[in-house]
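Novice: Going letter by letter, the sequence shown gives residues 1 to 296 in full-length UniProt numbering.
For each residue, glycine too, the CB sits at the ideal point set by N, CA and C.
Remember, it's a predicted structure, so these values are computed and weren't measured experimentally.
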Amino acid sequence: MSTSSFSASHNQASTLYLPPGPWQTVLDCLCDHFSAIGREQWLDRIARGRVLDGHGQPIALDLRYKEGLRIHYFREVPDEKPIPVVESILYADEHLVVADKPHFLPVTPAGEYVEQTLLRRLIRRLDNPNLVPLHRIDRHTAGLVLFSANPESRSAYQSLFPTRNIEKRYEAIARALPELTFPLVHKSRLVDGEPFFRMQEGPGTSNTETAVEVREKNGDLWRYGLYPVTGKKHQLRVHMTALGASICNDPFYPQVLKDVEDDYANPLKLLAQGLRFVDPITGQPREFESTITLQW
């Protein structure tokens, strides 16, 4: 396998440094370390060249175990369910890809989703295994996601986010809050919540900040403009709940809805609507707008 083809594989593979243990072979280690995956599945993956060594070469079934050995493997979900939504590409050049993500489509592989993710779909559509998302939005959220298309310019675009040199604009539909005065700024400290996938507000110095405005009133529901200064997981969903207006159709906040199926007719009413920044490569101002509209 050439260096270039390995880099393509590496971008879609997960990496494991073998932990200390008594195993005789890498296969034995993988079977114990990933107990949810049967030995037959690992044998099948190795036979199909889906487990690679640190140089990107398919491993042999009898490769000797060695602590710290670097192994790359491709995550696979048997019988992965198709997600019946279609993403769109709003912009693409040699450095940057801007996609409009529909509700319910994950950005990157996780859990039960591997091929049915925005990243994998775009890699296939654009035939570019070097694509890497520059930021994330939740699976339940729709809207804009930026991807780096070129490893050589990636760090320049990545730096836009920690330095806050990118303006993010969201829109949400939630219950009316006539008792509050808008626009307002909500700051709080977000910490891990329960269950593990949720966040919650806790005591201490704030680490999140969101500006909120009212854009449109429609009886008991209002359309809000949300401007996150920070970008913590579930920040907007938690902040709107804290204000007293959980975003419509949110399966996690204020309470987790148990065993809820994806309802494509009633998605979370949250949209990553706009992005604006100065392009670090060209120095030109850039502005992108989602083509998705939140319906009442």
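State the DSSP-derived secondary structure class of I173, mapped to helix, strand or coil.
Specialist: Strand.
Novice: Tell whether a beta-carbon distance below 7 Å holds between V26 and L52.
Specialist: Contact: no.
Novice: Three-state secondary structure (DSSP) at V191?
Specialist: V191: strand per DSSP, three-state reduction.
Novice: Report the residue from N218, E194, G225, P251 whose alpha carbon sits nearest the alpha carbon of W296.
Specialist: That would be N218, whose Cα lies nearest to the Cα of W296.
Novice: Kindly indicate which residue of A211, R50, K187 has the alpha-carbon position closest to the one of P203.
Specialist: Among A211, R50, K187, the Cα nearest to that of P203 is on K187.
Novice: Mind checking whether S148 and L134 have CB atoms under 7 Å apart?
Specialist: Against a cut-off of 7 Å, the Cβ pair of L134 and S148 comes out as a contact.
Novice: On the criterion of 16 or more Cβ atoms from any shown chain inside 10 Å, does G143 qualify as buried, or is it exposed?
Specialist: The residue is buried, with at least 16 neighbouring Cβ atoms inside 10 Å.
Novice: Measure the Cβ-Cβ separation of V85 and P58 and say whether it is below 7 Å.
Specialist: No, the pair does not count as a contact, with Cβ atoms beyond the cut-off.
Novice: Are T230 and T208 closer than 7 Å when you measure CB to CB?
Specialist: Yes, these two residues count as a Cβ contact at 7 Å.
Novice: Do you know whose CA, among D127, I166, F197, P22, lies nearest P285's CA?
Specialist: If we check each option's Cα against that of P285, I166 comes out closest.
Novice: Straight-line CA distance for L146 to I281?
Specialist: Going from the Cα of L146 to the Cα of I281 covers about 15 Å.
Novice: Can you name the start and end residues of the beta strand (DSSP E) that R50 belongs to?
Specialist: Note, R50: premise wrong, no beta strand (DSSP E); not H, not E.
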